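FYI, the numbering for the sequence shown is 13 to 238, going by our numbering.
Even glycine gets a Cβ: it sits at the ideal position worked out from N, Cα and C.
Predicted model only: the values in this text are computed from it and were never measured.
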Amino acid sequence: MTTPALQLVGVQRRYVQGETPLEILRGVDLELRPGEAVALTAPSGAGKSTLLHVAGLLERPDGGEVLVRGAPTGAMADDGRTALRRTSIGFVYQFHHLLPEFSARENVMLPQMIRGLDKPEASRRADELLKYLGLAQRGGHRPAELSGGEQQRVAIARAVANAPHVLLADEPTGNLDPKTADHVFETLMALVRATGLAALVATHNFELAERMDRRITLRDGLIVET
Ligand code: ADP
13 MTTPALQLVG VQRRYVQGET PLEILRGVDL ELRPGEAVAL TAPSGAGKST LLHVAGLLER
73 PDGGEVLVRG APTGAMADDG RTALRRTSIG FVYQFHHLLP EFSARENVML PQMIRGLDKP
133 EASRRADELL KYLGLAQRGG HRPAELSGGE QQRVAIARAV ANAPHVLLAD EPTGNLDPKT
193 ADHVFETLMA LVRATGLAAL VATHNFELAE RMDRRITLRD GLIVET
């Protein structure tokens, strides 16, 4: 059996506010396999963002372990986790968070250059990705010159610029009209299928959730398959 791209084993996360700790994740077990898209649907406040932050090594769990391609991350120092995050995990949010003063191409180049790629190589790869996402003519445009759907596709290109194994998306189409959301979603799924990326997508859109491979929800701090 192939090694999961991402595994959460007994993951706990709590926030302490005043006297009473708020138990958000109470022992979450989850596996994401290469090329698999999993929908995470749960009411607001259930802990979806918390789960994505812990899964994406942005926050440390209070208990349990997060493994990236079979490698435990709990004992890793912060700089090691950051390096692993940069190469292995991509993020897409509801708002694109592209840098406004940079072109689409430059936005996709930046994470590659931070990782150490030289400019020509980063540029070549950025153009390749933008072309794949249907944005071949948009590389030189700044975010403000792009439509909402185009901005979000650039954000996806940026998220996968370093060829991560895992893509974590928090309401990636939540800010788009239904037709554009559908298009962006299809682009995302094509990328998952073509690259063997594992995607965990938090969404309120049940129609899109139905089109993914599996659906999970968070109930009382635990994962339930739906
Ligand atoms: P969702 O993404 O499903 O809406 P979140 O993961 O954002 O849920 O939040 C889950 C719960 O944890 C909420 O009740 C929220 O208020 C609380 N929470 C999230 N982050 C923090 C924090 N840094 N400190 C305290 N409470 C937090």
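{"Query": "7 angstroms Cβ cutoff met for M101 and P184", "Result": "Residue 101 is actually Ile in this sequence, not Met. Contact flag unset, no."}
{"Query": "Start and end residues, alpha helix (DSSP H) containing Y144", "Result": "131-144"}
{"Query": "Cβ contact check for the stretch 163-183 and the stretch 203-221: 3 or more pairs under 8 angstroms", "Result": "yes"}
{"Query": "A58: CB within 6 angstroms of a non-hydrogen atom of the ligand ADP", "Result": "yes"}
{"Query": "Three-state secondary structure (DSSP) of R26", "Result": "strand"}
{"Query": "Identity of the residue in T215, V204, G59 nearest N187 by Cα", "Result": "T215"}
{"Query": "Distance between beta carbons of R165 and V196, contact taken as under 8 angstroms", "Result": "6 angstroms"}
{"Query": "The stretch 64-75 touching the stretch 107-114, judged by at least three CB pairs closer than 8 angstroms", "Result": "no"}
{"Query": "Inside the stretch 42-86 only - alpha helix (DSSP H) runs reaching at least 4 residues", "Result": "60-67"}
{"Query": "Sub-7 angstroms separation of R17 and M224 beta-carbons", "Result": "One point to set straight first is that residue 17 is Ala, not Arg, in the sequence displayed. No, the Cβ-Cβ distance between A17 and M224 is not below 7 angstroms."}
{"Query": "Given L129 as reference, the closest of R98, L142, R26 once Cα atoms are compared", "Result": "R98"}
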